[in-house]
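**Q** Structure in structure tokens, see below.
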């Protein structure tokens, strides 16, 4: 049997051989790295279109108070409901805000606009675009008509406000301001922001 070679009998590489071996190993690693497929870029996230959960054409709803009397009504050409956001978009909304003095129903306020938004919870309604709020007159008070571009209404508080220019007309009198807060329940009161300009028509005196 032949004897196994001893470690001391194995040839010892020279420094030059070690350098060549290291070079070939490094070249092989470099080639492997260059041949690696580049990772594919992550696919761009596709934004899901914001679509309503349901649509109601010719929407019409009436809310009543604790006594069963109408409290407010809302009509719109179209309502789009987003359930997750608890928001409803309105096309051409018309609101009626019913008023009572004790047990007696009085002339309601009526609002209309180009578009609207019912915010979460349903208490705040935001009207936007050619907004009009008015109440017809009766034997005790003249009618009132308001025009602005944005109006927020909280019906349970009987409160409305705007930070846009507003014009208020009552009979032949006219007022303009840069903003308004309106408490429309009886007794009605309002606060106007910024510079307010008031035009009061002279009283007509009938000649004998």
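Numbering (our numbering), first residue to last: 134 to 341. Yeah, the Cβ is synthetic: ideal placement off N, Cα and C, and Gly gets one too.
1. Tell me which same chain residues have a C-beta within less than 6 Å of the C-beta of residue 315, skipping the five on either side of it?
2. Residue 188: which of 208, 207, 213 and 201 sits nearest, CA to CA?
3. Between the C-alpha atoms of residue 334 and residue 218, what's the straight-line distance to the nearest angstrom?
4. List the endpoints of the continuous beta strand (DSSP E) containing residue 194.
5. Just curious, the beta strand (DSSP E) that residue 264 is in, first and last residue?
6. Answer yes or no: do residue 203 and residue 231 have a C-beta to C-beta separation smaller than 8 Å?
7. Extract the residue ranges of the beta strand (DSSP E) inside the region 261 to 330, only unbroken runs of 3 or more that lie entirely within it.
8. Are the CB atoms of residue 278 and residue 267 nearer to each other than 8 Å?
9. For residue 201, which three-state DSSP category applies?
10. Where in the region 203 to 234 do unbroken runs of the beta strand (DSSP E), each at least 3 residues long, occur, reported from the N-terminal end onward?
**A** Quick look at the numbers:
1. By one-based count along the chain shown, residue 315 stands at place 182. Only 293 and 323 meet the Cβ criterion.
2. The residue labelled residue 188 in the question sits at position 55 within the chain shown. The shortest C-alpha separation from residue 188 is found at 213.
3. Position 201 of the chain shown, counted from the first residue, corresponds to residue 334. Position 85 of the chain shown, counted from the first residue, corresponds to residue 218. If you take the alpha carbons of residue 334 and residue 218, they lie about 48 Å apart.
4. On the chain shown, residue 194 is found 61 positions in, with the first residue counted as 1. Unbroken beta strand (DSSP E) run through residue 194: 187 to 197.
5. Against the chain shown, residue 264 aligns to sequence position 131. Counting along the chain, the beta strand (DSSP E) containing residue 264 begins and ends at 257 to 268.
6. Residue mapping note: residue 203 aligns to position 70 of the chain shown, counting from 1. Residue mapping note: residue 231 aligns to position 98 of the chain shown, counting from 1. Closer than 8 Å, so yes.
7. 277 to 287, 292 to 295, 299 to 303, 306 to 310, 312 to 316 and 322 to 326
8. On the chain shown, position 145 is the one that residue 278 refers to. On the chain shown, position 134 is the one that residue 267 refers to. Yes, they are a contact pair.
9. Within the chain shown, residue 201 is the residue found at index 68, counting from 1. Note: residue 201 maps to coil in three-state DSSP.
10. 203 to 215, 220 to 224 and 227 to 234
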